[in-house]
Amino acid sequence: MLPEIGTFLERKKYRIKCLNLINFRKSMKYNPLAYIRSEKDILKLVNALIMNTKGEGEKSSEDFWVKAERLYYSALIGYIWYEATEEEKNFITLLNLINASEAREDDETYQSPVDLLFSQLEEREPDHFAVKQYRKFKMAAGKTLKSILISCGARLAPFDIKELRDLMEYDELELDTLGDQKTALFVILSDTDSTFNFVAALMYSQLFNLLCDKADDFYGGRLPVHVRLILDEFANIGQIPNFDKLIATIRSREISASIILQSQSQLKTIYKDAADTIVGNCDSTLFLGGKEKSTLKEISELLGKETIDLYNQSENRGSQVSHGLSYQKLGKELMTQDELAVMDGGKCIFMLRGVRPFLSDKYDLIRHPNYRYTADADPKNVFDMERYMKKQRAVVKPTDTFDVYEIDATT
């Protein structure tokens with residue numbers, strides 16, 4: 105979508121942001137640690153990371169290991185946030201600290217470089233947030249610690265790819281400013297490989313929290329610019345923590361979300377019992393067609409029933425011929441599952457809370473007054489994200505800082 109409408113948005117004075125998890129070279133940088141404002145943000149980030157990097161075999165019986173990992177991530181990120189320089193506050197530093205960590209089964213007194221860092225910090229600040237988390241982590245025996253460190257390394261294995269580390273070295277998305285001015289953020293995910301989708305889940309988790317906090321702290325509860333999230337292929341994003349609660353509260357802060365799915369079963373696969381709560385907090389539903397059984401059943405029930413007149417005519421032939429006519433009113437589904445499954449591809453059903461459902465024609469995008477500005481209408485309108493990023497990076501901002509040196513040209 106970005107190549108098709110990016111040029112039009114640029115003409116309309118939108119800032120354009122892009123997180124491209126297919127081609128990192130065409131993506132702006134995203135650093136989750138740049139949005140940490142307090143210790144609670146550290147815990148939220150760790151929670152989102154854990155939730156979206158689960159292995160296929162991870163079960164509740166392994167909860168101990170997950171909790172131990174959570175402590176270690178919290179300790180390391182806490183150390184980075186409080187003690188590292190601005191240039192070091194990123195996932196690269198986190199990976200370096202994990203790689204420098206070591207535990208020995210035969211020598212529990214051994215101290216790795218990371219142990220020494222925390223020992224020095226504890227001497228200086230015994231009540232430091234990172235020290236408290238690290239102490240709890242170190243309560244485990246050497247063999248157990250070694251297993252936990254292996255789990256940490258396995259969970260963060262995607263970061264072994266240099267391109268991903270480079271992507272998260274610093275931040276260009278400026279997520280906390282999306283509600284301040286007109287901005288279009290494009291998140292591009294692979295529809296065949298979910299390896300890097302956890303990055304998008306981290307980003308969305310932080311985005312919701314940042315916008316809600318900013319609305320409450322700076323704008324009296326409502327953002328000055330409405331933020332609308334069009335979450336296409338929502339099932340591929342991963343799991344956004346507490347999304348069932350967020351979807352119920354964001355509207356009051358000038359934030360809305362359109363959840364787009366192939367079927368409702370996708371939502372239940374990711375959010376389990378919370379899926380019904382999420383759907384229930386959506387005031388409108390647009391059904392474009394499909395054949396997944398649970399979705400068809402749900403839509404048919406939502407449409408309700410209509411009343412039909414049933415006439416039965418009978419004839420008995422014996423010694424005498426008699427005729428009978430009966431009449432009754434019956435309820436029938438407005439559209440059965442079979443009828444929904446074969447619905448014309450040019451039709452759609454729109455259901456708005458408090459209003460009867462609409463059966464309508466799908467809108468023809470070619471008729472839109474701005475269609476002529478898209479790349480589909482004219483190939484000259486194709487948007488080049490790489491060119492745009494180079495132009496943006498070349499702009500010097502008034503708040504930028506520089507080192508100034510005097511050079512003696514005679515030497």
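Numbered according to our numbering, the sequence shown terminates at residue 515, and the numbering increases by one at each position without gaps. Heads up, the beta-carbon is just placed ideally off N, CA and C, and yes, glycines get one too. Note that the coordinates shown come from a computational prediction; the quantities given were computed from them, not determined experimentally.
**Asked** For Glu114, which residues from the same chain have a beta carbon less than 8 Å from its beta carbon, with the 5 sequence-adjacent residues on both sides left out?
**Response** Ile120, Phe487, Tyr492
**Prompt:** Hey, how far is the Cα of Gln366 from the Cα of His427?
**Reply:** 53 Å
**Message:** Can you give me the C-alpha to C-alpha distance between Met272 and Val446, rounded to a whole angstrom?
**Reply:** 46 Å
**Asked** Can you find at least 3 beta carbon pairs, one from the segment 378-391 and one from the segment 408-423, that sit closer than 8 Å?
**Response** At 8 Å Cβ cutoff, the stretches do not touch.
**Asked** Which runs of the beta strand (DSSP E) fall wholly inside the segment 114-182 and span at least 3 residues, in chain order?
**Response** 119-124
**Asked** If you draw a straight line from the C-alpha of Lys286 to the C-alpha of Asn200, how long is it?
**Response** 37 Å
**Asked** Which same chain residues, not among the five before or five after Asn151, have their C-beta less than 7 Å away from its C-beta?
**Response** Pro345
**Ile403 beta carbon less than 7 Å from that of Leu434** = no
**Phe263 versus Arg269: straight-line alpha-carbon distance, rounded** = 6 Å
**Prompt:** Taking all protein chains shown into account, do 16 or more other C-beta atoms lie within 10 angstroms of the C-beta of Pro136, making it buried, or fewer, making it exposed?
**Reply:** buried
**For Leu350, three-class secondary structure by DSSP** = helix
**Item:** CA nearest to the CA of Tyr415, picked from Gln424, Leu429, Leu407, Cys452
**Value:** Leu429
**Request:** Write down the C-beta distance between Ala288 and Tyr118 rounded to the nearest angstrom, noting that I regard them as a contact closer than 8 Å.
**Result:** Under the criterion of beta carbons closer than 8 Å, Ala288 and Tyr118 qualify as touching, at roughly 5 Å.
**Message:** So, with DSSP's three-state summary, where would you put Asn301?
**Reply:** helix
**Under the three-state DSSP convention, the category Met455 falls into** = Note: Met455 maps to strand in three-state DSSP.
**Prompt:** What runs of the beta strand (DSSP E), each 3 residues or longer, lie entirely inside the segment 395-425?
**Reply:** 409-421
**Request:** State buried or exposed for Ser165, treating a residue as buried only when at least 16 other CB atoms are found within 10 Å of its CB.
**Result:** Bear in mind that a pLDDT of 44 at Ser165, under 50, signals an unreliable position, so the number given afterwards is only what the model happens to contain. By the Cβ neighbour-count rule, Ser165 is exposed, with fewer than 16 other Cβ atoms within 10 Å of its own.
**Prompt:** Under the rule that 16 or more other beta-carbon atoms within 10 Å means buried, what is Gly449, buried or exposed?
**Reply:** exposed
**Message:** Please report the straight-line C-alpha distance between Val303 and Phe222, rounded to a whole angstrom.
**Reply:** 28 Å
**Request:** Check whether the segment 168-182 touches the segment 301-316, taking contact to mean three or more Cβ pairs, one atom from each stretch, closer than 8 Å.
**Result:** no
**Request:** Spell out a yes or no on whether the segment 232-240 and the segment 249-258 are touching, meaning 3 or more CB-CB pairs, one atom from each, closer than 8 Å.
**Result:** Segments in contact, no.
**N- and C-terminal bounds of the alpha helix (DSSP H) containing Leu268** = 266-271
**Message:** Rounded to whole angstroms, what is the Cα-Cα separation between Asp297 and Leu371?
**Reply:** 18 Å
**Prompt:** Roughly how many whole angstroms lie between the Cα atoms of Ile146 and Ala138?
**Reply:** Between the alpha carbons of Ile146 and Ala138 lies a gap of roughly 11 Å.
**Request:** Give me the Cα-Cα distance between Glu405 and Pro461, rounded to the nearest whole angstrom.
**Result:** 12 Å
**Prompt:** Any contact of the segment 367-386 with the segment 331-347, i.e. 3+ C-beta pairs under 8 Å?
**Reply:** yes
**Asked** Residue range of the alpha helix (DSSP H) that Ala244 falls in?
**Response** Taken as a continuous stretch (DSSP letters only), Ala244 belongs to no alpha helix (DSSP H), as it is neither H nor E.
**Prompt:** Are the CB atoms of Lys247 and Glu209 nearer to each other than 7 Å?
**Reply:** yes
**Prompt:** Cβ of Ile109 within 7 Å of Cβ of Ile292?
**Reply:** no
**Item:** Reduced DSSP secondary structure (H/G/I, E/B, other) of Tyr509
**Value:** In the structure shown, Tyr509 adopts coil according to DSSP, grouped into three states.
**Message:** Buried or exposed for Val383, going by 16 or more other Cβ atoms inside 10 Å?
**Reply:** buried
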